[in-house]
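Below is one structure, written out as structure tokens; the observations come after it.
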Amino acid sequence: MPREKTVMALVGEFGPNGSVGPDPAQERLFEARIVPHRSLSRRGFRALMTGFTAVSLASAIPFVLLGAWPVAGFVGLDVAILYLAFRASFRSARAYEDILVTPLELLLAKVTPTGERSEWRFHPAWVRLDRQEHEEFGLQRLSLHSRGRSVEVARFLGPDEKASFASNLTSALSQARQGPRFS
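Counting from 1, position 170 in the sequence shown corresponds to residue 169 in numbering that gives the first Met the number 0; the numbering is continuous, with no gaps.
Here's what the structure looks like:
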């Protein structure tokens, strides 16, 4: 058998890097996307704005009929301000944080509402998860510390959600510190 066919058979059987199956160093131990909570859906927003506009219009009509037409302008201004406030809220909801833990890396990516992305990469063996707790309100702040660098994570979560997230991330970091399992 010529040498080229032997090499091709080995690559086909074992994969391009000589391993059997997926690379254990790239195994995803923990993966999360954290988004800001918004209780009002787009459909609910349309219904709210329709109802608010209808009530505002109905309350402005008697003033216009009595000759106090400037009141209609102020009522319209109220509708416009409410609309703009909700638009700003929906725009800020486009921000998110992605966290990925593998045996060799912790990747934190923060994306702003405008789409700007910032990334931090840490080795899981050197990362410490710090918690700031308030005795009355619970877990207030989580931050990752490694080699003099610090970054806050899970800003969008409430105290109970942060505690659950911290527990899951801590166990993933502990598992990552054990290293990849090749067998």
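For every residue, glycine included, the Cβ atom is placed at its ideal position computed from N, Cα and C. Predicted model, so just to flag it, every value in this text is computed and none were measured.
The residue among L103, R127, T113, S145 with its C-alpha nearest the C-alpha of L28 is L103. No Cβ-Cβ contact shorter than 8 Å links A108 with R37.
Per DSSP, Q139 is not a residue of any alpha helix (DSSP H); the beta strand (DSSP E) it occupies stretches across 137 to 145. By the beta-carbon neighbour count (other beta carbons within 10 angstroms, threshold 16), I33 is buried.
Nearest to A79 by alpha-carbon distance, out of V63, E118, W68, T49, is T49. Assigned with DSSP and collapsed to three states, V78 falls in helix.
Excluding five sequence positions before and after T169, the CB atoms of its chain that fall closer than 8 Å to its own CB belong to L128, given in chain order.
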